[in-house]
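Protein chains: 4
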Amino acid sequence: MYLSKMESKRQQVIDVATRLFAELGFENTSMASICAEAGVSKGLIYHHFATKNELLREIFSATTLRMIEISQASEATSAPHEQLATLISQLFKQLQEDKSFFQLNLNIMLQPGTRSILHDLIQERSAHLMTSVRHIFDQIDPDNSELCSYMFIAELDGIALDFLSIFDSYPIEALKNHMINRYSKA
Amino acid sequence: MYLSKMESKRQQVIDVATRLFAELGFENTSMASICAEAGVSKGLIYHHFATKNELLREIFSATTLRMIEISQASEATSAPHEQLATLISQLFKQLQEDKSFFQLNLNIMLQPGTRSILHDLIQERSAHLMTSVRHIFDQIDPDNSELCSYMFIAELDGIALDFLSIFDSYPIEALKNHMINRYSKA
Amino acid sequence: MYLSKMESKRQQVIDVATRLFAELGFENTSMASICAEAGVSKGLIYHHFATKNELLREIFSATTLRMIEISQASEATSAPHEQLATLISQLFKQLQEDKSFFQLNLNIMLQPGTRSILHDLIQERSAHLMTSVRHIFDQIDPDNSELCSYMFIAELDGIALDFLSIFDSYPIEALKNHMINRYSKA
Amino acid sequence: MYLSKMESKRQQVIDVATRLFAELGFENTSMASICAEAGVSKGLIYHHFATKNELLREIFSATTLRMIEISQASEATSAPHEQLATLISQLFKQLQEDKSFFQLNLNIMLQPGTRSILHDLIQERSAHLMTSVRHIFDQIDPDNSELCSYMFIAELDGIALDFLSIFDSYPIEALKNHMINRYSKA
DNA sequence: CATGAATGAGGCTTCATTCAT
DNA sequence: GATGAATGAAGCCTCATTCAT
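Protein chains in written order, with the working numbering: chain U, 1343 to 1528; chain V, 1343 to 1528; chain D, 1343 to 1528; chain F, 1343 to 1528.
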């Protein structure tokens, strides 16, 4: 029970921080406001996380894990075109269900301040992602798998970007279907 | 000469601020540092710009104008596929020549803080951009011009995003050629 | 015409400053806001008034003149009790007609910052006022004229203070009649 | 001892701020100078008081309590005329012993800036004061108790005003005796 | 007389972080 | 593990005033 309570406060801080970073941005979220919303003292937050930057890194790592889970859901199916279809479906599902999750990730990867804090973690994540996608395209078109992978990722990133941050009303369903059509045909 | 001197300090502030916002991010750039680098007193910056936010808005508006110029370069040629090719070329050229220009734009459109400051201006810009692109696709495939436009923009945005912020080494030339091939064939 | 125009801008500054000082207080009124409301440049205001303090002193002096005029209106009548009645009437009339005029005077005489700027002028004014009132009471009760004068002034000041700054709804008419009754009977 | 130390810094801030507001005026007292004189860091003052305005409000509330105490000292005695005499004595005593206490109160109630900050508290205080005084006059002259109360308060306020802010040398003792004579006779 | 760009000190407030309890 | 008082640097902005034109 002590442990669970201990974990609960720590996790509470992470949850609240994740939400506030997504809503307000890292630089506009104060440690004080995280404490307030998490119902935790200033002393405690620094007992669990050495600095605000460390807290961000921990959150980023956690989201990386979650993104890997999403991308691995597709690996169950064997046929590469099916894998792509599943991957696309999964991503669009998440994109619509948890906008703030993706918004946060775009934020912190683009903002110079947070980028440099997370530099190594960003590297790791994108390398991992690239490898995953490339495994699939290696089975479809080994000669162009690199280019195809980059293009595939760019299309998904671009849609996410436009959906989340550029256009106020976005035909997300139409684009999802378009992507599935483009990539799931043998 | 009066005019040039008068304009010079104001413009100097804009130039320095644009660069620092791109390099460090809006929230991590202090008015004091802008003053210092522009060789201008703290008071003067507030003589010309009511607020740090106003300064950002002015910069954003200026970049919108510049983006419109870029996109209009393609309108000279008559054939729609040629227009697309020209547009893609222009964009990739700018993207490689002035990374910080695009970085800044991605930054401020994604960061919640700056987004809300610029909300109306972002709306205007993306509407304008959408209209421009759609004019071209209306001539190619009127029935699907909306979807095509969104997809086209997503691809370009995604490439820019990945190039500027995700991957450390990016095959930008290969992607450019791929895009030109995809869109310039009749 | 040049002269009148010259005077007009100068007077305009005085008028606007008087109003703003009364509405916002001296310390909360910036030279810039006076310029803006008076439609005058910063250079010009400093051409006419050496400093913000000088502007205040000039305004205070002008209001002193106006107060003297008011108090002299009563000297026409010969009987001392009539003089008091007239004086009271005049003061209550002004108090109700031009609240901000009196408010300003109370403000700047009480605020330590403005008090010290105006120290000598405040002395002069109160000495003059005291003398005027005492002339009247000398004719009524020479032995107690000093005390009577102080008490008379205190009553009027107190009513003004309470009316202008303490109570939201104040039976000003009732107090006026009470004062007239108290002092006009032979 | 923990408590005393905890309270000590907070109270120290209040004490210093009260004194400086009285001496220099609210607008001319910087938070920095309060910190300096209280031997406290800039951060701490904002740990205890959200805002400079809040600090003022707290001080004003405290002075209201003190004024209520003073006015209640008279309620012990039963006869109304005695109550008035006691009240007058008390007030003159305080007025002479702690000029800056009253000066501060006049200041902030008259300065437009501070007035609006304290608007509700001023209302409360004057309502309370009025009620207290009226209780006494209800026992003396029920038909005119309202007018008598207003007049009584005006006289005291006017004397305080003139004593503290208008005249350089003021026969305060003579006026005190005059007031006691006027109100303590049955 | 008239303008408005320019200055620099100083004001209020925020914030990450530390530390005694 | 938990609290919250305390710090001090830094941030945005305001303002009286000066001066070249």
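Beta carbons: idealized from backbone N, C-alpha and C, even for Gly. Source: prediction; values computed, not measured.
- Message: Please give the ranges of any alpha helix (DSSP H) in the stretch 1354-1386 of chain U, keeping only runs that are unbroken, at least 4 residues long and fully inside the region.
- Response: Here the runs fully enclosed are 1373-1380.
- Count the C-beta pairs between the stretch 1511-1527 of chain V and the stretch 1357-1364 of chain D that are closer than 8 Å, then say yes if the count reaches three, no if not. The answer is no - the stretch 1357-1364 of chain D does not touch the stretch 1511-1527 of chain V, with fewer than three Cβ pairs under 8 Å.
- Less than 8 Å separating the beta-carbons of Ser1487(F) and Arg1476(F)? Their beta carbons are under 8 Å apart, which means Ser1487(F) touches Arg1476(F) by this criterion.
- Task: Pull out every residue of the stretch 1437-1450 of chain D whose Cβ sits closer than 8 Å to any Cβ of chain F, in chain order.
- Result: Only Gln1445, Leu1448, Asn1449 from the stretch 1437-1450 of chain D bring a Cβ to less than 8 Å from some Cβ of chain F.
- Which of the three DSSP states, helix, strand or coil, is assigned to Asp1485(F)? Helix.
- Query: Do we get a CB-CB distance below 8 Å when we pair Phe1509(V) with the residues of chain U?
  - Reply: Yes, Phe1509(V) lies at the interface with chain U (some Cβ there is under 8 Å from its Cβ).
- Answer yes or no: does any C-beta atom of chain F fall closer than 8 Å to that of Ala1516(D)? It does; some Cβ of chain F falls within 8 Å.
- Query: Is the distance from the Cβ of Ile1430(F) to the Cβ of Tyr1492(F) below 8 Å?
  - Reply: No, the pair does not count as a contact, with Cβ atoms beyond the cut-off.
- Of the residues Asp1440(U), Gln1438(U), Ser1413(U), Glu1439(U), which one's Cα is nearest the Cα of Ala1427(U)? Here the closest residue by C-alpha is Ser1413(U).
- Message: Determine, for Met1348(V), whether the minimum Cβ-Cβ distance to residues of chain U falls below 8 Å.
- Response: At Met1348(V) the pLDDT is 47, less than 50, meaning the model places this residue with poor confidence and gives no usable figure here.
- Message: Please tell me whether Ile1464(D) and Met1451(F) are closer than 8 Å, where the distance is taken between their beta carbons.
- Response: Against a cut-off of 8 Å, the Cβ pair of Met1451(F) and Ile1464(D) comes out as no contact.
- By how many angstroms is the C-alpha of Gln1438(F) removed from the C-alpha of Met1348(F)? Note that Met1348(F) has pLDDT 47, beneath the 50 cutoff, so the model's placement of it is unreliable and the number below is only indicative. Cα to Cα, Met1348(F) sits roughly 33 Å from Gln1438(F).
- Task: Give the secondary structure of Gln1432(D) by DSSP, where H, G and I count as helix, E and B as strand, and everything else as coil.
- Result: It is helical.
- Message: Can you give me the C-alpha to C-alpha distance between Ala1496(D) and Ser1511(F), rounded to a whole angstrom?
- Response: When rounded, the distance between both Cα atoms is 14 Å.
- Query: So which residues on chain U does Tyr1492(V) lean against when the C-beta distance must stay under 9 Å?
  - Reply: Below the 9 Å Cβ cutoff, chain U contributes Ile1501, Asp1504, Phe1509, Tyr1512, Pro1513, Ala1516, Leu1517, His1520 as neighbours of Tyr1492(V), in chain order.
- By the 10 Å Cβ neighbour count, where 16 or more other Cβ atoms means buried, how is Asn1523(V) classified, buried or exposed? Exposed, by the Cβ-count rule.
- Minimum C-alpha distance to Arg1408(F) - residue among Phe1444(F), Arg1352(F), Glu1369(F): Checked all of Phe1444(F), Arg1352(F), Glu1369(F); the closest Cα to Arg1408(F) is Phe1444(F).
- Within-8 Å CB hit, Ser1468(U) to chain V: Taking CB atoms only, Ser1468(U) has a neighbour in chain V less than 8 Å away.
- Message: I need the straight-line Cα distance from Pro1385(U) to Ile1459(D), nearest angstrom please.
- Response: This sequence places Gly at residue 1385(U); Pro is not what is there. So the two alpha carbons sit approximately 49 Å from each other.
- So which residues on chain F does Glu1369(D) lean against when the C-beta distance must stay under 9 Å? The answer, in chain order, is Gly1367, Phe1368, Glu1369, Asn1370, Gln1453, Gly1455.
- Query: By the 10 Å Cβ neighbour count, where 16 or more other Cβ atoms means buried, how is Gln1533(U) classified, buried or exposed?
  - Reply: For residue 1533(U) there is no data in the structure shown, the boundaries of chain U being 1343 and 1528.
- Query: If you compare alpha carbons, which of Ala1392(V), Thr1456(V), His1390(V) is closest to Glu1369(V)?
  - Reply: When only C-alpha atoms are compared, the closest one is Thr1456(V).
- Report the option in Ile1356(V), His1461(V), Leu1506(V) whose CA atom is closest to the CA atom of Ala1404(V). It is Ile1356(V).
- Item | Where the alpha helix (DSSP H) containing Ser1507(V) begins and where it ends | Counting along the chain, Ser1507(V) falls outside any alpha helix (DSSP H), and DSSP gives it neither H nor E.
- Message: By alpha-carbon positions, which one of His1423(V), Val1358(V), Lys1351(V), Ser1350(V) ends up nearest to Phe1339(V)?
- Response: The question about residue 1339(V) has no answer here: the residues shown for chain V are numbered 1343 through 1528.
- 9 Å Cβ cut-off: residues of chain V touching Gln1481(U): Residues of chain V passing the Cβ test: none, with the nearest at roughly 20 Å.
- Query: With respect to the alpha helix (DSSP H) encompassing Ser1413(U), which residues constitute its N-terminal and C-terminal limits?
  - Reply: Residues 1394-1414.
- Can you pull the chain V residues whose beta carbon is under 8 Å from the beta carbon of Gln1465(U), in chain order? Here the neighbours are Asp1510.
- Item | From Asp1504(U), Thr1473(U), Ile1376(U), Lys1435(U), residue whose alpha carbon lies closest to that of Phe1494(V) | Comparing Cα-Cα distances from Phe1494(V) to each of Asp1504(U), Thr1473(U), Ile1376(U), Lys1435(U), the minimum goes to Asp1504(U).
- Task: Locate the alpha helix (DSSP H) running through Phe1443(V), then write down its first and last residues.
- Result: Unbroken alpha helix (DSSP H) run through Phe1443(V): 1441-1452.
- Query: Where do the N-terminal and C-terminal ends of the alpha helix (DSSP H) with Asp1417(V) fall, by residue?
  - Reply: The sequence shown places Glu at residue 1417(V), not Asp. In the DSSP annotation of this structure, Glu1417(V) is not part of any alpha helix (DSSP H), being labelled neither H nor E.
- Got a sec? Which residues, its chain only, sit under 7 Å from His1470(U) by beta carbon, not counting five neighbours each side? Closer than 7 Å at Cβ, skipping near neighbours: Ile1410.
- Query: Skipping 5 residues on each side, what residues in its chain have a beta carbon closer than 7 Å to that of Cys1490(U)?
  - Reply: Cβ neighbours of Cys1490(U) within its own chain (closer than 7 Å, five residues either side excluded): Phe1479, Asp1483.
- Give the interface partners of Leu1489(F) over in chain D, defined as CB-CB distance under 8 Å, in chain order. Those are Pro1513, Ala1516, Leu1517, His1520, listed as they occur along chain D.
- Inspect the beta-carbon positions of Gln1432(D) and Ser1442(D) and report whether they are closer than 8 Å. Gln1432(D) is not a Cβ neighbour of Ser1442(D), given a cutoff of 8 Å.
- Counted within 10 angstroms of its Cβ, other Cβ atoms place His1461(U) as buried (16 or more) or exposed: So His1461(U) counts as exposed.
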